[in-house]
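These notes concern the structure reproduced below.
Numbering (my numbering), first residue to last: 454 to 692.
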């Protein structure tokens, strides 16, 4: 199974917009499953189903980038000019208002979408993609707090708030930061299977929601009285 090349644009985004999906996918890595097996049983069959991701943090240059949350700064691993070929690109959301997407990042998005590659957006990241023109005529969603502001600014897009995430061709837009993480969880399940998602999510003690915001993605569990109990089952070696 070929390694999936996963890119994240680097600018002043809200940290969870990138770290949430990235942590989930990293937890689904074959190498992560092999590490998990040090602590509890993980079958060879499950490991064989797991993907492998390599992450690229793409700046306009390789200069440090101050993010939009918690005074955190990252150093891009690559730039728009020397980025390896990607399979997937994530556009995380900044705090809107005075934020302007750099023209080089805008061109990078356009080329990625035109090549038919998969694009994820998280939260207000959809507004940045809208500013490039590639969402014109497409259906998309965005953070509910900024929804009206974004809709008025880019009316050529068919904005909706009916779902937590929207799929239109090769562009997947997530409404809020955690909803986008749920969206990526759905993609992971559809492409690599529910057991891979369950293993990855359990390492984060995370339960994803569906596109309607309901907790019915993972199998539900009930105790002897018929009352709902914890979704995840944590497996350990016999001591």
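For glycine and all other residues, C-beta sits at the position ideal for the given N, C-alpha and C.
Only a predicted model underlies this, so the values are computations on that prediction, with no experimental measurement involved.
Check, Outcome
"Have a look at residue 513 and residue 558 and give me their C-alpha separation to the nearest angstrom.", "7 Å"
"Tell me whether residue 622 is buried or exposed, calling it buried when 16 or more other Cβ atoms sit within 10 Å of its Cβ.", "exposed"
"Should residue 469 go down as buried or exposed, given a rule of 16 or more other Cβ atoms within 10 Å for buried?", "buried"
"Going by C-alpha to C-alpha distance, which of 620, 590, 580 sits closest to residue 606?", "580"
"Identify whether residue 510 lies in helix, strand or coil by the three-state DSSP scheme.", "strand"
"Roughly how far, in whole angstroms, is the beta-carbon of residue 543 from the beta-carbon of residue 598, given that I think they are within contact range, below 8 Å?", "Not really, about 20 Å apart at Cβ, beyond 8 Å."
"Within the same chain, show all residues whose beta-carbon is closer than 6 Å to that of residue 609, passing over the 5 residues directly before and after it, in chain order.", "589"
"Going by the CB atoms, is the gap between residue 611 and residue 592 shorter than 7 Å?", "yes"
"How many angstroms separate the CA atom of residue 509 from the CA atom of residue 667?", "32 Å"
"Would you list, in sequence order, the uninterrupted alpha helix (DSSP H) runs of no fewer than 4 residues that lie entirely inside the stretch 566-652?", "578-584, 600-606, 630-645"
"Using the rule of at least 16 other Cβ atoms within 10 Å of the residue's Cβ for burial, across every protein chain shown, is residue 573 buried or exposed?", "buried"
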